[in-house]
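Numbering (the working numbering), first residue to last: 28 to 223.
Note that beta-carbon positions come from the ideal geometry of N, C-alpha and C, so glycine has one too.
This report concerns only the one structure given below.
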Ligand SMILES: Cc1cc2nc3c(=O)[nH]c(=O)nc-3n(C[C@H](O)[C@H](O)[C@H](O)COP(=O)(O)O)c2cc1C
């Protein structure tokens, strides 16, 4: 059975580039038979965090928050696509993520970073690793680091040139590792209900 995977991306910029990588990952996972959905923080448009999802009375959360909570809870795995602003995380994705906590627990997450230059978002990649662990996800060790993103991916999310070839090669192990941990977590959840 296909795994239900959410690919999360959070740039709000008009000229954003990371959507290329998000589209590449969605297409690549779909080609492997997975059940994939892009969660685009800009399209969802949550306000800056006021009340977390769990702080709303049951059934009274804003519809966008309620719908996203249901998707997160139903997912088997997550991919976080992250750019880097001034050595830090993109606030749009962090804001979306912080609205939830327990909803993320007991599933694996993989990180794919990118930037305009050769550093490929490595610093935000590192920051996300700790944050996702804190939020109860098992962060898989395989990662993608794409840079310069404009050389690796076309506007429609297709791999281009030498950088694109490297990305396609790296993606195989990235997706294999995520699939292995997704299966492991699924089996364990079925065998034993999570303690909380
Ligand atoms: C506010 C801002 C800060 C940035 N800081 C960094 C940085 O610290 N490191 C880096 O490699 N690129 C940096 N960049 C360049 C980004 O890697 C590049 O613009 C990338 O496309 C941003 O992702 P997005 O297009 O999906 O929003 C920065 C860009 C912006 C707009």
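Assuming residue 136 is part of the beta strand (DSSP E), what are its boundary residues?
Locating residue 136 in the chain shown gives position 109, counting from the first residue. Start and end: 135-141.
Give a yes or no on whether the C-beta atoms belonging to residue 176 and residue 141 are separated by under 7 Å.
Translated into the one-based positions of the chain shown, residue 176 becomes position 149. Translated into the one-based positions of the chain shown, residue 141 becomes position 114. Result yes, Cβ atoms of residue 176 and residue 141 sit closer than 7 Å.
Assigned secondary structure, residue 194 (DSSP; H/G/I helix, E/B strand, else coil)
Stepping through the chain shown from its first residue, residue 194 is reached at position 167. The answer is helix: DSSP assigns residue 194 an H, G or I state.
Of all Cβ atoms in chain D, is any one closer than 7 Å to the Cβ of residue 164?
This model lacks chain D altogether; it includes just one protein chain.
Going by alpha carbons, who is nearest to residue 43 out of 181, 208 and 213?
If you number the chain shown from 1, residue 43 lands on position 16. The residue with the shortest Cα to Cα distance from residue 43 is 181.
Would residue 195 and residue 186 be called neighbours here (beta carbons separated by less than 7 Å)?
Working through the chain shown from its first residue, we reach residue 195 at position 168. Working through the chain shown from its first residue, we reach residue 186 at position 159. Contact flag set, yes.
With hydrogens ignored, establish whether the beta-carbon of residue 64 is closer than 6 Å to any heavy atom of ligand 1.
For the purposes of this step, residue 64 is taken as residue 37 along the chain shown, with counting starting at 1. Residue 64 Cβ: outside cutoff for every heavy atom of ligand 1.
For residue 33 and residue 114, what's the separation of their Cα atoms in angstroms?
As a working note, residue 33 is residue 6 in the chain shown. As a working note, residue 114 is residue 87 in the chain shown. Roughly 25 Å between the two C-alpha positions.
Assign residue 5 to one of three DSSP states: helix, strand, or coil.
A query on residue 5 cannot be resolved here, the shown segment of the chain reaching from 28 to 223 and no further.
Which runs of the beta strand (DSSP E) fall wholly inside the region 36-84 and span at least 3 residues, in chain order?
62-67
Could you give the C-beta distance for residue 155 and residue 107, rounded to a whole number, given that I count them as a contact under 8 Å?
As a working mapping, residue 155 is identified with position 128 in the chain shown. As a working mapping, residue 107 is identified with position 80 in the chain shown. Indeed, because the Cβ distance is near 6 Å, the residues count as touching under 8 Å.
I'd like the span of the beta strand (DSSP E) that includes residue 180, first residue to last.
As a first step, residue 180 is located in the chain shown; it is residue number 153 there, counting from the start. First-last for residue 180: undefined, no H or E at that position.
In terms of residue numbering, what span does the beta strand (DSSP E) encompassing residue 104 cover?
Here the question's residue 104 lines up with position 77 in the chain shown. From DSSP, the beta strand (DSSP E) with residue 104 extends over 104-109.
Going straight from the alpha carbon of residue 72 to that of residue 118, what length do you get?
Looking up residue 72 in the chain shown gives position 45. Looking up residue 118 in the chain shown gives position 91. Distance between the alpha carbons of residue 72 and residue 118: 12 Å.
Look up residue 209 in the DSSP assignment and say whether it is helix, strand or coil.
Locating residue 209 in the chain shown gives position 182, where the first residue counts as 1. Three-state result, residue 209: helix.
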